[in-house]
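Please read the structure below before turning to the comments.
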Amino acid sequence: MSAAIAERMRSLDQTTEDALRPPRYGWAALVAVSLTCIAIGVYSWSLIIRFGMQYTGLNRPVGWGVLITDFVFWVGIAHSGTLISAVLFLFRARFRTAVYRAAEAMTVFGVMTAGLFPIIHLGRPWYAHWILPYPNQRHLQINFRSPLVWDAFAISTYFCVSAMFLLAGLMPDAAALRDGSQGLRRRFYALFALGWRGTAEEWRHHGRAYLFFAAFATPLVISVHSVVSWDFAVSIVPGWHSTLFPPYFVAGAILSGVAMVITLLIPIRRAMKLESIITLDHFDMLSRLVILTSLILTYSYSTEFLLALRAGPGPERDTLLYRATGAFWPFFWLMVLGNCVGPLFLFFKRVRGSLVGLFFVCVLVNVGMWLERFNIVVSSLEHNRVPFDWGTYHPRLVEIGITLGSFGWFFFWFLLFLKLLPAISVSELKEDAHHAALHEAAHAA
Amino acid sequence: MPGIGRRFFLKVVSATGVAAACSPSHAPEKLIPLLNPPENLVPGKPLFYRTVCRGCGAGCGVTARSREGRVVKLEGNPDDPISAGALCARGQAELQGLYAPDRLRGPLARQGDELKPLPWAAALAQLGGLLGKLRGSDGRIAGLRLLSRCEPGSAGAVQRSFASALGAAKNARVVFEPRDLASLRAANMKLFGRAELPVLALSRARSVVSFGADFLETWLSPVEQARGLMAGRGEPDRTRLTWISPRLSMSGANADTWLCTAPGEELQVALELLRWLLDPVNQVAALPPEAAAIRAALPPPRPLRGVSPEQVAHLGRELSLRRPSALLGPPASASGAEGRALAAAVQLCNLVLGNFGKSMQLGLGSELDAPSPEEDLYALLEEARRGEVTVLLLHRADPLGKLPASARVEEALRKVPLIVSLGERLDATARLAHFVLPDHHALESFGDLEPRKGMLALQQPVLSPLWDTRASSQVLLDLAAALKLPGIADKDFRELSKARWQAGAKALGAKLDTPQAQRDVQAQGVVVGHVEALQPALKLDGLAPLLFTKPSPAEGLHLVAFATALANADPEAPGWLREVPDVLTGVSWSSWAELSQATAQRLGVKTGDLLALSTDQGKAELAALISPALHDDAVAVPQDAPELRALGTPGRAVRLERTGKTFPLALTGRASQEGRDLARVIAEGGAPKREQGHEQGRTLVAPHEHPQHRWAMSIDLDKCTGCQACVVACYAENNLPVVGPQAAREGRLMAWLRIQRSVEKGASLEASRVALLPSLCQHCDAAPCEPVCPVYATYHTPEGLNAQVYNRCIGTRYCANNCPYDARVFNWEDPVFVEPLQMQLNPDVSVRSKGVMEKCTFCVQRIRFAEGTARDEGRPVRDGEVTPACVQTCPAQALVFGDAKDPKSRVALAQAESRGYRLLEEVNTLPAIAYQARRGGKG
Amino acid sequence: MTRLGALLAPALLSAAAGCQAGAAPATADSQEVAFSHKTHAGDNQIGCTVCHSYARHSPNAGLAPTSVCIGCHKFVSKDKPGVQKLTAEFAAGRPLTFARVHRVPDHVFFSHERHLAQGVTCKACHGDVAAMARDEKVHDLQMGFCMDCHRQKQATVDCLACHK
């Protein structure tokens, strides 16, 4: 074992140590901000609960608005993690090691956020549990034909699996941290280490289990957002009722997810001095993913419109034309700019290479993806089948407050995660480094 | 599993969950038994009382449904020849008048400059004393006047005898009806010597022509007339309706032809029509002997602006062929010599076409207590201003609130030393009164009236008075007794009325010998005798001056007032009439001023701009609304709008200015179908086109079984007038909350049943048509709302209803999104029923709370009631026995309800009609409601 | 299994009884007059509908108007304090109040008429009242209780049968 390897290992340990000490004041400030947002959100929701949905902008015929938009948006965000960690793991894409931990954490917190909205948007949230199939003295059953029930299952499943996946990956690192710390911290990490001792046996099991989880999680990437898309596709609302939705939503979800990962990693990398670990070619790889999914999305948009236009006059066509030219036309074109045009610039190495450019594009994508969901949900309802009832919808403060709250909630957890747990998988990095070193040694000999 | 079953185990498992889910338990609830049981009242069972609607002059008989001593619903009295079981929107809303929060709750007397509560005894004593002091040597009060609304019955009799006994002046009692058709009355007097209003039998007319007379909204007897007109609709050779007015109002929307006159030009058109009919070259058959004389009396022709001679000739030809016909007019808003002239011209047309005795009947209108001629009223005011009126008794008369400002009523009232108001609420006039002695509501009082000759309508209380009120007639009798007035022997008004109606009933040939027979008559609510309509003899003298003509109105904007079936513009109207949107404009909760598109463009006015209107009488500010069907020279304002009082009587020139401000009009619905052809119109005799390329009735899952009934409805668009009586009835029956202007603006009205409108522009303004579509839950067999509900709050019942279980609903609103008909309504807030309006709530229907979805149930509570009765009587449910509130009250009988499984049922037959189609067939929801396309239309 | 049942049954009943919307079980002191169904319906064999006279032809069973009580108690057991109070209150024109024992939520439209017509006995829901000196709630009268019976008797389980 050469000194070089030992040296490299030490440096890795050092960086992870540093990673757990992000700039204190900055961190505290961010936490404060997100807590404030949460407070605003909670207050907004309390208004709805106390006085009814009259405080939202919803009306007849627009029964769903910003809240459902947020729901779909956050489910989308939750997609990157599983994809990057599980799918890329199965494909043995090595570049994932540096980024997958952060991505997985994002997934878990994303689902935790998304899961709130189906409850918040209810007229009587205090009966939300009725949507679950629990035995009750009334002998009442739930309606398994309803996509909302499917949602409940899909979301909870996705949450459990992604959480398990995250924790499984954490074990070795947590164990390492446990051994290097005392007192409360030690207890805390012991919790995540689950008594990991690092024996060859354990490593073997861990490897197997991890592979199994990856295999198990991969189909979920497809299923979850397909199910979410069925909320719309299964209905008969013009602009919703489309067989294209499942693949279209999955692609969109991955796009928004990866974009969000990049948006978060760039500042984290700076703040935690991870330049040595998360290198530019990691971002290069991720941005290729962005390009791919963005192209799929562009294709879906055009298909949607072409089909509608070919269908001839009727609600379907009216609704889609309204989406592009109606009350919210700026939203539509901003969406096209963000999701279809923006990512094209990533074809240029110069844009991909410069983190600023990449960051900008990804933020634009995130905005675009939120607007996409808004356009789908709202514009379709605004122009349903009976023109007498055509109306408009304007979000109110309450809805904006709750949206703000959801961001606060998401970032609060994410910040905690950054502070307390290693945002990058040290064990796997060491593995890689070891392999590399042995490689060099072999060559040297 | 011995000892413990599956269900039991489930219960055990869920016990904790239940405990968590349930509400905290309240303090022990008290049961308070009655001391003595009231006879024939069974809690939980409805009682039905027959009485009379006093909402307008028509005098429709009503059946009041009462529960636990509270009246919860009004319906027409099927035995009554006027209402025939139907009721208009205003009639339905009488209930909210009864429970109106602003009703007076006890007598008031003026102390200084404010009205203070006072017990009855004291109030009457004081008033009696004051009157006593004012009496002259002959025991009369020279300056006593009594102003009353029209009371064609005992109440009127009491007032007359009181006024004549205590008052000295010969017109001591003046009858004041702001909405009276005075012009028509006067014309009939001048032409035929009968100061009465005609009774229409439109079912006999093959063509109807209305000169702006809103005979389906408020004019004369709307319920009866709607039934009459629509009896001739639906079949290929249907009753034609021609509408002659500057504005296409609701009645006009039912017309096949619209002659859009310039404002005030109706008279010219009527005269030209008369001229055409009388012109020998046109060879109109069977002209009356007076024809020549009438022709001689016609003024010289003048050029028409709005209408072409061809159109007049075309109309004349139609009328000469399609007999009998009925020409109606003028509207209540037409006044003065011009109004009389128009009325005369119209009546002469009827005479020439031989409509009298057939569709247009004279000699039937009640002559009891006819409203006094305007002159009397203005004379009274003048005397008051001169200080000659010392005592003014007002019975349900609000001159200050109803007469135009130009009448200077306030000035007159301020001169009167003693004003006594016998009314229901503190109206403008009552505020100036010295004594306010609140009257019972019509539904709380005994009475009798003669709506028309040969008919007697009996009024009885349907609940005990809510507040400390007294029947005005009783008050007058008490005063008479206190003052020992000569010739007034009766002490008790109820006895007086009873004696009077019994005499009347005997005269009409009713058997009243036994007490039971008397009760039966009272329970029937109406006594109908037989009186022949008479053939009026025309008085030719003074014909020419009557038919004067003045130069047709100059160019420029003129004020036009129009009637609405509801009362959105009337601040005093009950919530239902203000909130249910006007059927043609969609406005609720405010008054508005309509401009034609061209005029609006010319002035640069947009809907919602606040306009300053000014006439030679005064100024008023009104919100602008661009109307698709209005003459360019007209500025149309609803006749209920208080602003009209400042502007003066319609017809005069009006100036418009933009104030720069805007008014947040509450507008509901878009008046366009975007070519989707939901409310269909077919050529007379044609069949509607069906959607192509859809396999009707094929569904993925097998359609539902309906073992017993499949409740279904059929809606005939050729008959629907758009009066919205059904909508208000639905509000009343199903405890729909009134949400107020703000929520209305936000598109959150709670109506389960709405009349959707769409204006189809024609080549010309006159060719534009209004298509009306009553839309409610279609109770689909393959309902899109059902599969998407996660908790089974909505599902398909074995009887074919699309059920909504409120207490299971969690409010995802998915069902509403997925309903292609937008029939579902969400509770955005908890409903508010201002005390004592909550007393009107129907105990058979849950009051929904915030966060719950709701919708039309086909009045399932009424279905259950009928099924229950049938089961008790051990028979199947009869066809027509089950009627939802909307079907029950439809004056035009456009709605039919029944069991579609019974091939002989009326609904099954109606649905099989060739004009039949379902809404949005392409979605294949298999609705339970079939529409019949409107006939004729574009032509 | 049986032991489990025996073990859980009381827990269940208390839990269920605890969540009646607004119904606190009647206790000795919550009743103004110590009225005993045992004396009336039990010992003296007075039929239910004598006092609850609307039960057969209305959704509401109805409660005996005080005048009906007086009808008998003009003559019967005038010495009892409860009866004396009753007579006094009636004379004063004041109604007696009773603490409510059985109740279903407002969104339930239960009809005594329909159930009696189908031959359901009062016992079935109210328990053996004739044996109760003090009224107690025997059945929770929750939806599950109704459903069990409706299923047993193949009565309708259509939601709209009870919810409107």
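Protein chains in written order, with the numbering used here: chain P, 1 to 445; chain L, 446 to 1384; chain G, 1385 to 1548.
We put the beta carbon where it would ideally sit given N, CA and C, even for glycine.
*Which residue spans inside the stretch 614-642 of chain L form an unbroken beta strand (DSSP E) run of at least 3?*
618-620
*Would you report the Cα separation of P:Asn136 and G:Met1531, rounded to the nearest angstrom?*
12 Å
*Please classify P:His205: is it buried, with 16 or more other beta-carbons within 10 angstroms of its beta-carbon, or exposed?*
exposed
*From L:Leu867, L:Gly612 and L:Ala587, pick the residue whose C-alpha is nearest to that of L:Arg594; which is it?*
L:Leu867
*Residue nearest to L:Ser1159 in terms of C-alpha spacing, selected from L:Pro1148, L:Gly892 and L:Leu1218*: L:Leu1218
_The beta strand (DSSP E) that contains L:His1003, what's its start and end?_
His1003 to Phe1007
*Taking buried to mean at least 16 other C-beta atoms within 10 Å of its own C-beta, is G:Cys1435 buried or exposed?*
buried
*Could you tell me if L:Thr1397 is buried or exposed, where buried requires 16 or more neighbouring beta carbons within 10 angstroms of its beta carbon?*
The structure shown does not extend to residue 1397 of chain L, since chain L spans only 446 to 1384, so no value can be given for it.
*From this set, P:Val72, P:Arg373, P:Arg92 and P:Thr36, which residue's C-alpha is nearest P:Glu428's C-alpha?*
P:Arg92
*By Cβ distance below 7 Å, which residues in the same chain neighbour P:Arg269 in space, the five residues on each side in sequence not counted?*
Glu275 and Ile278
*Please state if the CB of L:Thr1334 and the CB of L:Ala1385 are separated by a distance shorter than 8 Å.*
This structure cannot speak to residue 1385 of chain L, because chain L is shown only from 446 to 1384.
*Note down the Cα distance separating L:Leu930 from L:Asp965, rounded to an integer number of angstroms.*
35 Å
*Collapsed DSSP secondary structure at L:His1224 in the structure displayed*: coil
*asked:* Can you confirm whether G:His1547, when its beta carbon is compared against all beta carbons of chain L, has any partner nearer than 8 Å?
replied: yes
_the stretch 161-179 of chain P contacting the stretch 192-207 of chain P, beta-carbon criterion three pairs below 8 Å_ = yes
_Identified DSSP bridge partners for L:Gln1249_ = L:Thr1239
*asked:* Closer than 8 Å is the cut-off here; do at least three beta carbon pairs connect the stretch 786-798 of chain L with the stretch 873-884 of chain L?
replied: no
*asked:* Could you pull the DSSP bridge partners for L:Gly1343 from this structure?
replied: L:Ala1157
*Of all Cβ atoms in chain L, is any one closer than 8 Å to the Cβ of P:Leu321?*
no
*8 Å Cβ cutoff, P:Trp489 in contact with chain L*: Outside the shown range of chain P (1 to 445) lies residue 489 of chain P, about which nothing can therefore be said.
*Tell me, which residues are paired with G:His1499 by DSSP?*
According to DSSP, which records beta bridges pairwise, G:His1499 is partnered with nothing at all.
*asked:* By DSSP's criteria, L:Pro1219 is part of a beta bridge. Which residues make up the other side?
replied: L:Ile1200
_Cutoff 8 Å: L:Arg1143 Cβ touching any chain P Cβ_ = no
_Taking the beta carbon of G:Gln1429 as the centre, do at least 16 other beta carbons fall within 10 Å, making it buried, or is it exposed?_
exposed
*Which term fits P:Ser146, buried or exposed, when burial requires 16 or more other beta carbons within 10 angstroms of its beta carbon?*
buried
*Measuring alpha carbon to alpha carbon, tell me which of P:Ile236, P:Ile222 and P:Arg288 ends up nearest L:Cys1260.*
P:Ile236
_Sheet register partners of L:Met1298 (DSSP bridge)_ = L:Phe1271
*Specify, as a first and last residue, the run of the beta strand (DSSP E) that P:Ile268 falls within.*
Element bounds for P:Ile268: not the beta strand (DSSP E) but the alpha helix (DSSP H), Phe245 to Ala271.
*Beta-carbon contacts of L:Glu833 that lie in its chain and below 7 Å, excluding the five residues immediately before and after*: Gly588
*asked:* Measuring only the C-alpha atoms, how far is L:Asp814 from L:Gly949?
replied: 16 Å
_Beta carbon of L:Asp525 nearer than 8 Å to that of L:Gly970_ = yes
_Can you check which of these residues, L:Glu1119, L:Gly1114 and L:Asn1369, is closest to P:Gly454 by C-alpha distance?_
An answer regarding residue 454 of chain P cannot be provided, because it is not within the stretch 1 to 445 covered by chain P.
*Residue-level contact to chain L via CB, P:Asp389, 8 Å cutoff*: yes
*From P:His225 to P:Thr69, what does the alpha carbon distance come to, in whole angstroms?*
14 Å
*asked:* Can you give me the C-alpha to C-alpha distance between L:Gln1448 and L:Leu611, rounded to a whole angstrom?
replied: The displayed coordinates of chain L run from 446 to 1384. Any statement about residue 1448 of chain L would go beyond what the structure contains.
*Is the CB of P:Asn143 under 8 Å away from at least one CB in chain L?*
yes
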